[in-house]
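Using the working numbering, read the sequence shown as starting at 118 and increasing by one per residue.
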Amino acid sequence: MHQNKNQNNHTQHQPVLLDEVLRYLAPDKGENYLDLTAGYGGHASAVLERTGNYKSSVIVDRDQNAIDELKRKFSESGIEIKWQDFLTASQELVAENRQFDLILADLGVSSPHLNEGTRGFAIRESALLDMRMDQRQDLTAQIIVNSYSEAKLAELLAEYGEEPKARQIARAIVLARPVNTTDQLADIAARAWPGHSRTHPATRTFQALRIAVNDELGLLKQALPVWQDLLSPGGRLVIISFHSLEDRIVKQFLADNCGDRYDAELRALTKSPITASPIELVLNPRARSAKLRAAVKIKTKERER
Ligand SMILES: C[S@@+](CC[C@H](N)C(=O)[O-])C[C@H]1O[C@@H](n2cnc3c(N)ncnc32)[C@H](O)[C@@H]1O
């Protein structure tokens, strides 16, 4: 069958740690599901097939292409599909007094984001420096690199990219302005790192800008307590992160809210993060940096015991 470019891209996203997600969510018939980063629906399909409960489940994404694909896949099912960032969507659900037995957040970008050269996420694809997950948003990477002060750029590269040459790269960006394309930015970062390295020398610079454009860490920090509120007693929360800054936030949140304290609302299901099996790493290299953490909401009776 002929597939156009978009369809082809959409089929390229392989859900990571799928077996592990199913093990920790442990979906049961009739349970309801909230997928906060539904993407191309790989995890959602597998979970919903097991619960069979589409009517009181909700799937969320802030990317329009993902939403179009989710609508194509699930429109007949009666599931609620929200084109929003996960914080706004979660706050709305709390305001509606909704609760969920199963909640999944599979953070970060999808393979189509990286494969669609035009979005500006990929170092090796020539494009305008966009990097917005939600194209309704005004702030782009192009605006950041051309309008932030050198000091602010250096801080952003150091904080969100953990880039040791942050100051040098920030200086080079300011001197080269206007910097409008992925190629220009990749060249600037590469010049700060002469010689060979295993990863592209602009990897940390691109990561930092992507996190800043999409406020990835800010939204995650604010959303975690809201997800705790959205869990039904006995409900399971699974979070997959793709870089250490995200994982640190999730780890800290679970450390603060799980445990033996009388008022702890969660119990951790994972002591240390779960990572991909060697087989998955061969089949799906994107799983390389994935870390899964999970928790269950303690039932009141269990706490009183
Ligand atoms: C790794 S992919 C998820 C893939 C999905 N689990 C699947 O099986 O197809 C991450 C998705 O989360 C979305 N996303 C990232 N941050 C988000 C946020 N703050 N709010 C809503 N969606 C977000 C991205 O647009 C992307 O589609």
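All C-beta atoms, glycine included, are put in the ideal place defined by N, C-alpha and C.
- Unbroken stretches of the alpha helix (DSSP H), 4 residues or longer, contained in the segment 146–213: For secondary structure counted as the alpha helix (DSSP H) over 4 or more consecutive residues, the segment 146–213 holds these complete runs in sequence order: 159–168, 181–191, 203–212.
- Message: Rounded to the nearest angstrom, what separates P132 and G156 at their Cα positions?
- Response: The residue given as residue 132 occupies position 15 in the sequence shown. The residue given as residue 156 occupies position 39 in the sequence shown. Whole-angstrom Cα-Cα distance: 9 Å.
- Would you mind stating whether G158 and L139 have Cβ atoms separated by less than 8 Å? The count along the sequence shown starts at 1 and reaches residue 158 at position 41. The count along the sequence shown starts at 1 and reaches residue 139 at position 22. No; because the gap between Cβ atoms is not below 8 Å, this pair is not in contact.
- Query: Just how far apart, CA to CA, sit E279 and V291?
  - Reply: As a first step, residue 279 must be located in the sequence shown, where it is residue number 162. As a first step, residue 291 must be located in the sequence shown, where it is residue number 174. Cα to Cα, E279 sits roughly 19 Å from V291.
- Over the uninterrupted alpha helix (DSSP H) stretch that includes A385, give me the two end residues. Within the sequence shown, the letter at position 268 stands for residue 385. No alpha helix (DSSP H) contains A385, which is instead part of the beta strand (DSSP E) from 383–385.
- C-beta atoms of L231 and T299 nearer than 8 Å: Counting from 1 along the sequence shown, the entry for residue 231 is found at position 114. Counting from 1 along the sequence shown, the entry for residue 299 is found at position 182. Result no, Cβ atoms of L231 and T299 do not sit closer than 8 Å.
- Message: Buried or exposed for H119, going by 16 or more other Cβ atoms inside 10 Å?
- Response: On the sequence shown, position 2 is the one that residue 119 refers to. With a pLDDT of 33 at H119, under the threshold of 50, the predicted position of this residue should be treated as unreliable, and no value is reported.
- Whole angstroms is fine: what's the gap from E197's alpha carbon to Q369's? Taking the sequence shown and counting its residues from 1, one reaches residue 197 at position 80. Taking the sequence shown and counting its residues from 1, one reaches residue 369 at position 252. For E197 and Q369, the gap between their C-alpha atoms comes out near 31 Å.
- Taking C-beta to C-beta, are A329 and Y277 nearer than 8 Å? Counted from its first residue, the sequence shown places residue 329 at position 212. Counted from its first residue, the sequence shown places residue 277 at position 160. Going by C-beta atoms, A329 is nearer than 8 Å to Y277.
- Message: Can you list, in chain order, the residues of its chain with a C-beta nearer than 7 Å to that of P390? Leave out the 5 residues immediately preceding and following it.
- Response: Reading the sequence shown from its first residue, position 273 is the one you call residue 390. Closer than 7 Å at Cβ, skipping near neighbours: D364, K408, L409, R410.
- Query: Is it the case that the Cβ atoms of R403 and S162 are separated by a distance below 8 Å?
  - Reply: Position 286 of the sequence shown, counted from the start, is the residue given in the question as residue 403. Position 45 of the sequence shown, counted from the start, is the residue given in the question as residue 162. No, they are not a contact pair.
- Message: With a threshold of 7 Å (Cβ to nearest heavy atom), would S227 be considered close to ligand 1?
- Response: Locating residue 227 in the sequence shown gives position 110, counting from the first residue. Within the cutoff, so yes.
- Query: Taking Cβ positions, are P362 and N374 nearer each other than 8 Å?
  - Reply: As a first step, residue 362 is located in the sequence shown; it is residue number 245 there, counting from the start. As a first step, residue 374 is located in the sequence shown; it is residue number 257 there, counting from the start. Reading the sequence as shown, one finds Leu at residue 362 and not Pro. Contact: no.
- Task: Have a look at I207 and K388 and give me their C-alpha separation to the nearest angstrom.
- Result: The residue given as residue 207 occupies position 90 in the sequence shown. The residue given as residue 388 occupies position 271 in the sequence shown. The sequence given here has Ser at residue 207, not Ile. The alpha-carbon atoms of S207 and K388 are separated by roughly 26 Å.
- Query: For R353, which of helix, strand or coil comes out of DSSP?
  - Reply: For the purposes of this step, residue 353 is identified with residue 236 of the sequence shown, where counting begins at 1. Strand, per DSSP.
- Message: Is it buried or exposed, T154, if we count other Cβ atoms within 10 angstroms and call 16 or more buried?
- Response: Numbered from its first residue, the sequence shown carries residue 154 at position 37. So T154 counts as buried.
- Message: Can you tell me where the alpha helix (DSSP H) holding F323 begins and where it ends?
- Response: Here residue 323 corresponds to residue number 206 of the sequence shown, with the count starting at 1. 320–330 is the extent of the alpha helix (DSSP H) around F323.
- Task: State the start and end residues of the unbroken alpha helix (DSSP H) segment that holds D138.
- Result: In the sequence shown, the residue the question calls residue 138 occupies position 21. Correcting the residue type first, residue 138 is Val in the shown sequence and not Asp. Unbroken alpha helix (DSSP H) run through V138: 135–142.
- Query: Going by beta carbon distance, what residues of the same chain come within less than 7 Å of A319, once the five residues before and after it are set aside?
  - Reply: Taking the sequence shown and counting its residues from 1, one reaches residue 319 at position 202. Counting only Cβ-Cβ distances below 7 Å, and skipping sequence neighbours, we find I240, L302, A303, A306, A307.
- Assigned exposure category for I260 - 16 Cβ within 10 Å defines buried: Along the sequence shown, one-based indexing puts residue 260 at 143. Looking at its Cβ environment, which holds fewer than 16 other Cβ atoms inside 10 Å, I260 is exposed.
- Message: Does F217 come out as helix, strand or coil in the three-state DSSP assignment?
- Response: Taking the sequence shown and counting its residues from 1, one reaches residue 217 at position 100. Reduced to three states, the DSSP call for F217 is strand.
- Message: Quick check: does the Cβ of L224 come within less than 7 Å of any heavy atom belonging to ligand 1?
- Response: Here residue 224 is taken as the residue at index 107 of the sequence shown, counted from 1. Yes, the Cβ of L224 comes within 7 Å of a heavy atom of ligand 1.
- Would you call K122 buried or exposed, if buried means 16 or more other Cβ atoms sit within 10 Å of its Cβ? Working through the sequence shown from its first residue, we reach residue 122 at position 5. Per-residue confidence for K122 stands at a pLDDT of 37, beneath the threshold of 50, marking its modelled position as unreliable; the derived number appears in the next sentence. Exposed, by the Cβ-count rule.
- Message: Tell me whether the segment 330–342 and the segment 209–221 touch, counting them as touching only if at least three CB pairs, one residue from each stretch, are closer than 8 Å.
- Response: no
- Message: Distance check for A381 and R284, CA to CA, integer angstroms please.
- Response: Walking along the sequence shown from the start, residue 284 turns up at place 167. Walking along the sequence shown from the start, residue 381 turns up at place 264. Whole-angstrom Cα-Cα distance: 42 Å.
- Message: Starting from V413, trace the alpha helix (DSSP H) in both directions and tell me its first and last residue.
- Response: Locating residue 413 in the sequence shown gives position 296, counting from the first residue. Premise fails: V413 lies in the beta strand (DSSP E), 408–414, not in any alpha helix (DSSP H).
- Message: What residue range does the alpha helix (DSSP H) around L334 cover?
- Response: What you label residue 334 is simply residue 217 of the sequence shown in a count that begins at 1. It spans 333–347 - the alpha helix (DSSP H) in which L334 sits, taken as one unbroken run.
- Message: Looking at ligand 1, does it come within less than 7 Å of A404, judged from the CB to the closest heavy atom?
- Response: Within the sequence shown, residue 404 is the residue found at index 287, counting from 1. Not so, every heavy atom of ligand 1 lies at least 7 Å from the Cβ.
- Item | Inter-residue Cα distance where the pair is I366 and P395 | Position 249 of the sequence shown, counted from the first residue, corresponds to residue 366. Position 278 of the sequence shown, counted from the first residue, corresponds to residue 395. Taking the straight line from one Cα to the other gives about 26 Å.
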